[in-house]
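Visitor: Pasting a structure below so you can have a look.
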């Protein structure tokens with residue numbers, strides 16, 4: 188009986204320590220960024236490439252690329268953890284040739300649970 192009680196107290200102590208540790212960990216909230224652009228009207232358009240990273244392209248190359256193989260797409264949504272992000276878009280044709288970058292846009296995803304700005308309104312990439 189004493190051994191069972193000692194084991195129970197030990198388990199209870201471990202659970203309490205784990206609960207205290209979990210309460211100190213901050214998990215960043217994720218947010219959705221909607222990007223929009225004017226459609227490319229070239230007849231040999233194959234799609235777009237969305238580039239992004241945590242630094243402007245002038246300071247460091249984008250770290251992520253999202254191929255958008257839908258030539259009629261004019262918006263794209265990304266769910267990202269809290270942070271500051273910089274985005275650029277290119278178009279590519281059927282031969283694989285890629286255009287230069289669009290103007291760069293920046294978005295900040297807050298770690299607050301409440302939405303910031305106007306949800307659902309796209310950022311226009313030109």
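Residue numbers (the working numbering): 188 to 313.
All C-beta atoms in this analysis are idealised placements derived from N, C-alpha and C, irrespective of residue type, glycine included.
Note down the Cα distance separating residue 231 from residue 281, rounded to an integer number of angstroms.
Guide: Position 44 of the chain shown, counted from the first residue, corresponds to residue 231. Position 94 of the chain shown, counted from the first residue, corresponds to residue 281. So the alpha carbons of these two residues sit roughly 6 Å apart.
Visitor: For residue 241, I'd like the list of residues in its chain whose CB is within less than 8 Å of its CB, leaving aside the five on either flank, ordered along the chain.
Guide: Taking the first residue of the chain shown as position 1, residue 241 is located at position 54. Once the five neighbours on either side are set aside, the close Cβ partners of residue 241 are 250, 270, 271, 272 and 273.
Visitor: Determine, using beta carbons only, whether residue 291 comes closer than 9 Å to chain C.
Guide: The displayed structure is made up of one protein chain only, and chain C is not part of it.
Visitor: Which residues in the same chain as residue 291 place their Cβ atom closer than 7 Å to its Cβ, once the five residues preceding and following it in sequence are excluded?
Guide: Residue numbering aside, residue 291 sits at position 104 when the chain shown is read from its first letter. The residues are 243, 244, 273, 274 and 275.
Visitor: Could you tell me if residue 289 is buried or exposed, where buried requires 16 or more neighbouring beta carbons within 10 angstroms of its beta carbon?
Guide: One-based indexing of the chain shown puts residue 289 at position 102. Classification of residue 289: buried, given that the 10 Å Cβ count is 16 or more.
Visitor: Which residue's Cα is closest to the Cα of residue 256: 239, 247 and 235?
Guide: Taking the chain shown and counting its residues from 1, the one referred to as residue 256 is at position 69. Residue 235 is the option with its Cα nearest to residue 256.
Visitor: Have a look at residue 226 and residue 260 and give me their C-alpha separation to the nearest angstrom.
Guide: Working through the chain shown from its first residue, we reach residue 226 at position 39. Working through the chain shown from its first residue, we reach residue 260 at position 73. Those two C-alpha atoms are separated by around 8 Å.
Visitor: Note down the Cα distance separating residue 293 from residue 266, rounded to an integer number of angstroms.
Guide: For the purposes of this step, residue 293 is taken as the residue at position 106 of the chain shown. For the purposes of this step, residue 266 is taken as the residue at position 79 of the chain shown. If you take the alpha carbons of residue 293 and residue 266, they lie about 15 Å apart.
Visitor: Determine which residues share a DSSP beta bridge with residue 253 and list them.
Guide: For the purposes of this step, residue 253 is taken as the residue at position 66 of the chain shown. In the DSSP output, where bridge partners are listed per residue, residue 253 has 237.
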